[in-house]
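Shown next, in structure tokens, is the structure this report addresses.
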Amino acid sequence: MATATGIHHRTYRSELRLRHTKAEYFRLALMLVLLLSAPYVLDKYWLGITNVILISVIGAVGLNILVGFTGQISLGQGGFLAVGAFTSAIISDRAGVPVPISILIAVVMTAAVGAFFGLPALRLKGLYLAIATLASQEIIMFVVRRWEWLTEGKGFLEVKRLQVGGFEIERRMFEVQWYWILLALAILAVVVARNLFRTTLGRSFMAVRDQDIAAEAIGVNITRAKVTAFAVSSGFVGLAGALTAHYTETVTWERFTLDVSVLYLAMIIVGGLGSIAGAVYGAIFMGLLPALLTELVDVLGSSMPALSDQLPALKNAVFGIAIIVFLLVEPRGLDRIWTRMKDYIRFWPFRY
Amino acid sequence: MNTFISLTVYGLSDGALLALAALGFVLIYKATRVINFAQGEFLLVGAYMFYTAFVVMRLPLILAALFGVLVAIVLGVVVERFVLRPLIGEHAISVIMVTIGLSAVLKALVQIFYGTAVREQPPILPTGTIQVAGATVPLNRLIVIGIAAIVLFAFSAFFQRSRHGVAMRAVADDQQAALTMGISVKRVFSLAWVLAAISALIAGVLLADLSAVEQGIAGFGLMVFPVVILGGLDSVPGTVVGGLVIGLLKQYVSGYADPGLAEVIPYIVLVAILIVRPYGIFGETRIERV
Chain Z
1 MATATGIHHR TYRSELRLRH TKAEYFRLAL MLVLLLSAPY VLDKYWLGIT NVILISVIGA
61 VGLNILVGFT GQISLGQGGF LAVGAFTSAI ISDRAGVPVP ISILIAVVMT AAVGAFFGLP
121 ALRLKGLYLA IATLASQEII MFVVRRWEWL TEGKGFLEVK RLQVGGFEIE RRMFEVQWYW
181 ILLALAILAV VVARNLFRTT LGRSFMAVRD QDIAAEAIGV NITRAKVTAF AVSSGFVGLA
241 GALTAHYTET VTWERFTLDV SVLYLAMIIV GGLGSIAGAV YGAIFMGLLP ALLTELVDVL
301 GSSMPALSDQ LPALKNAVFG IAIIVFLLVE PRGLDRIWTR MKDYIRFWPF RY
Chain A
353 MNTFISLTVY GLSDGALLAL AALGFVLIYK ATRVINFAQG EFLLVGAYMF YTAFVVMRLP
413 LILAALFGVL VAIVLGVVVE RFVLRPLIGE HAISVIMVTI GLSAVLKALV QIFYGTAVRE
473 QPPILPTGTI QVAGATVPLN RLIVIGIAAI VLFAFSAFFQ RSRHGVAMRA VADDQQAALT
533 MGISVKRVFS LAWVLAAISA LIAGVLLADL SAVEQGIAGF GLMVFPVVIL GGLDSVPGTV
593 VGGLVIGLLK QYVSGYADPG LAEVIPYIVL VAILIVRPYG IFGETRIERV
């Protein structure tokens, strides 16, 4: 198995395992300890940021299924998040459906909308597809903004505090209780996505990404693979959207603009295209970046007061620079950097 | 009838600006196969640079315009050399994302130096009105149509007649063949970005003169996509037709139906075009091979 020269498999069973080395099990345990202790260590502010990151982990994993694994560029992420958020909010509040079921309906609904807007992908590729999904984003935004029935003319939706059966989120414990719910769902999403790519369906997605014509020649049904990829990916995104609605307790269209689509794309670029772990790293990176920048400006603000006025602009600048630098220096993202670090340690003192 | 004429003039002038903005976009796509999501920000930077020279530095109009062109040249060269060139041959997602990153940086830079408030700029074009077939239309809109027509004509003459223009067309047609004929593809790439920045500067300044010098100019860049899809991603005449059609369509819809719908109608056209004829009216159909 794992030796100084690399990981060598002797059976197919061992190759199919998700984790191969002791170090991987050790890191898993370490991560679990960190995740379990987080609500006791972090204060409300940082726990709130963690919760937002957990939601974006689900969304980024979903987007990476589409963009990173199937090679279909999507700029419609914000629109799909909106579909999930509005569906779940309206069904749970107006029809009185229990929240878990309304979230489930939102997931199915978003998957259906995603599959519909994925139809252009059957004829279009690359740049053209990017523009087509940009149009889907704008069209969904238009519907959300202009269709008064959705928000009853208020322009936004208020969502009741989360209540499942007899359990209701307490005001005092708001962030902590949400943390457990979101953590469980984020882990579920990651595990499902990770396993998806050990199945025939998942492999067919990757075949479409690598060479779609060749994939068709060896018997992959491209039409089905592409539409399913859009549906599955949008399902994850719908879950993220629905959770955003119930967690933030207000749904407005401003939360789902093109900037959000771009933010999610940035997450998977920075994290690493075509890697589930990468999507998680990217979501964490992009979630922490503005918060850390705010902290930094707070520290420097005493000596340079002009800096804090520039904070919003600085955030945008750093965001753009992060994307450019990652694409130029390490296009395969944080995931690749992490792999290289591990290799460096494993092979030390040799180069490779 | 009066409404119709004034809507037509507004639509044509919007369309002319869209065509100018789209021209830069198409130049870049034709020569380098890059989709430039920062086109709107190029307009923004152009408008603010002209504002800096004209209002802040109090230069005369001609010098201010020259200053704008100078900055546009530097911007084009720097962006091409340091941001896009390392990504030649990379996947489409990377190239799209790097221009998106670029747009965030450019917008943030403008915000850092100029803030978000609307800047006052004295009108460059005459502001009076003129009677056209019984309708009163603003003069500056008509002049914008004229300027855009001249610029577009100059650009197409450049492609047809000049050495560099022919070299650009050769590179767009077949990069390797162009290389073997001794054309410097690198220089053509730079030239494409520079020309795109200059056409964006002209569009940005004119747009700022019609509306105001503000951050919203960047949003105009998104409308470029329906235009280029309609006209064909790699067609210069397509930008004119696409720009005018989209400009007129937006004005008619907002005048006769619903201003909100006017914002989204270009995208509906875009989807329809993509479904029916993905390569646009004048675009080149490409056959794909394994």
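Taken in order, these protein sequences are the chains called Z and A.
Residue 1 is where the first sequence starts when you use my numbering, and the numbers rise one by one after that.
Residue 353 is where the second sequence starts when you use my numbering, and the numbers rise one by one after that.
Glycine residues also receive a C-beta, built at the ideal position from the N, C-alpha and C atoms.
Proximity to residue i [Cα-Cα], best of the options
i              : options                        : result
I627 (chain A) : Z:V61, Z:R123, Z:A85, Z:Q211   : Z:R123
L547 (chain A) : A:V423, A:A522, A:F572, A:G595 : A:V423
G274 (chain Z) : Z:I222, Z:V52, Z:F197          : Z:F197
G84 (chain Z)  : Z:A313, Z:L34, Z:G235          : Z:G235
A186 (chain Z) : Z:L162, Z:A279, Z:S136, Z:A291 : Z:A279
G635 (chain A) : A:V580, A:M533, A:V597, A:G612 : A:V580
N289 (chain Z) : Z:L300, Z:L314, Z:Q310         : Here residue 289 (chain Z) turns out to be Leu, not Asn, going by the sequence shown. For L289 (chain Z), the nearest C-alpha among the options comes from Z:L314.
V220 (chain Z) : Z:T200, Z:V232, Z:S233, Z:A231 : Z:T200
P478 (chain A) : A:V489, A:R471, A:A485         : A:V489
E442 (chain A) : Z:P349, Z:L327, Z:R346         : Z:L327
F549 (chain A) : A:L359, A:Q473, A:I464, A:F402 : It should be pointed out that residue 549 (chain A) corresponds to Ala in this sequence rather than to Phe. For A549 (chain A), the nearest C-alpha among the options comes from A:F402.
F377 (chain A) : A:L600, A:V621, A:Q463, A:P589 : A:P589
Rounded straight-line distance, which links the Cα of residue j to that of residue i
i              : j              : result
P100 (chain Z) : S606 (chain A) : 42 angstroms
K342 (chain Z) : Y128 (chain Z) : 38 angstroms
L81 (chain Z)  : Q483 (chain A) : 49 angstroms
F174 (chain Z) : S88 (chain Z)  : 20 angstroms
V537 (chain A) : L369 (chain A) : 29 angstroms
I139 (chain Z) : Y619 (chain A) : 7 angstroms
I448 (chain A) : A390 (chain A) : 10 angstroms
L296 (chain Z) : G282 (chain Z) : 20 angstroms
L553 (chain A) : D586 (chain A) : 21 angstroms
F419 (chain A) : S514 (chain A) : 24 angstroms
I73 (chain Z)  : V192 (chain Z) : 22 angstroms
A207 (chain Z) : A106 (chain Z) : 29 angstroms
L54 (chain Z)  : L461 (chain A) : 31 angstroms
I90 (chain Z)  : W253 (chain Z) : 14 angstroms
L292 (chain Z) : P39 (chain Z)  : 19 angstroms
G114 (chain Z) : L134 (chain Z) : 13 angstroms
I445 (chain A) : N64 (chain Z)  : 12 angstroms
V357 (chain Z) : Y264 (chain Z) : There is no way to answer for residue 357 (chain Z), as the model of chain Z reaches only from 1 to 352.
A529 (chain A) : E330 (chain Z) : 32 angstroms
L543 (chain A) : R521 (chain A) : 12 angstroms
L504 (chain A) : A405 (chain A) : 25 angstroms
L150 (chain Z) : S563 (chain A) : 33 angstroms
F510 (chain A) : G517 (chain A) : 5 angstroms
G583 (chain A) : E615 (chain A) : 19 angstroms
K160 (chain Z) : H246 (chain Z) : 8 angstroms
K22 (chain Z)  : A277 (chain Z) : 18 angstroms
I598 (chain A) : K382 (chain A) : 21 angstroms
L30 (chain Z)  : E24 (chain Z)  : 10 angstroms
CB of residue i within 8 angstroms of CB of residue j, strictly
i              : j              : result
V623 (chain A) : A132 (chain Z) : yes
L379 (chain A) : I569 (chain A) : no
V318 (chain Z) : Q77 (chain Z)  : no
T384 (chain A) : F577 (chain A) : no
A500 (chain A) : L372 (chain A) : yes
R146 (chain Z) : G612 (chain A) : yes
I387 (chain A) : T481 (chain A) : no
V237 (chain Z) : G333 (chain Z) : no
I321 (chain Z) : V457 (chain A) : yes
S204 (chain Z) : A225 (chain Z) : yes
G571 (chain A) : G367 (chain A) : no
L375 (chain A) : I497 (chain A) : no
L243 (chain Z) : L307 (chain Z) : no
G301 (chain Z) : V227 (chain Z) : no
A111 (chain Z) : A231 (chain Z) : yes
T294 (chain Z) : L311 (chain Z) : yes
Closer than 7 angstroms: residue i CB and nearest the ligand SAM heavy atom
i              : result
P630 (chain A) : Among the components modelled here there is no ligand, and therefore nothing to report on the ligand SAM.
| Complete beta strand (DSSP E) runs within the stretch 367-419 of chain A (minimum length 3 residues, chain order) | Entirely contained in the stretch 367-419 of chain A, not one beta strand (DSSP E) run reaches 3 residues.
| said: Quick check for students: name the residue ranges of the alpha helix (DSSP H) that lie wholly in the stretch 519-573 of chain A, counting only runs of 4 or more. | reply: 527-532, 537-562
| field | Near-chain Z residues of the stretch 411-439 of chain A (beta-carbon distance less than 8 angstroms), N- to C-terminal order | value | V435, P438, L439
| Where in the stretch 173-234 of chain Z do unbroken runs of the beta strand (DSSP E), each at least 3 residues long, occur, reported from the N-terminal end onward? | none
| task | Please go through the stretch 291-326 of chain Z and give each complete alpha helix (DSSP H) segment of 4 or more residues, from N-terminal end onward. | result | 306-309
| task | Mind checking the stretch 108-139 of chain Z against chain A and listing, in chain order, the residues whose C-beta falls within less than 7 angstroms of any C-beta there? | result | Answer set for the stretch 108-139 of chain Z: P120, R123, L124, G126, L127, Y128, A130, I131, A132, L134, A135, E138, I139.
| query | Just by C-beta distance, which residues in the stretch 326-350 of chain Z are closer than 7 angstroms to chain A? | reply | L327, L328, P331
| In chain order, what residues of the stretch 40-72 of chain Z put their CB closer than 9 angstroms to some CB of chain A? | V67, G68, G71
| field | Contact set between the stretch 593-617 of chain A and chain Z, restricted to residues whose Cβ is under 9 angstroms from the partner | value | D610, G612, L613, E615, V616
| task | Output, in sequence order along the chain, the residues in the stretch 266-292 of chain Z whose CB is closer than 8 angstroms to any CB in chain A. | result | From the stretch 266-292 of chain Z, only A266, I269, L273 have a Cβ closer than 8 angstroms to chain A.
| Complete beta strand (DSSP E) runs within the stretch 475-501 of chain A (minimum length 3 residues, chain order) | With a minimum length of 3 residues, the continuous beta strand (DSSP E) runs that stay inside the stretch 475-501 of chain A are 481-484, 487-490.
| query | Between the stretch 443-457 of chain A and chain Z, which residues of the former have a C-beta closer than 9 angstroms to a C-beta of the latter? | reply | H443, A444, I445, S446, V447, I448, M449, V450, I452, G453, L454, S455, A456, V457
| Contact residues within the stretch 172-203 of chain Z, judged by C-beta distance below 9 angstroms to chain A | none
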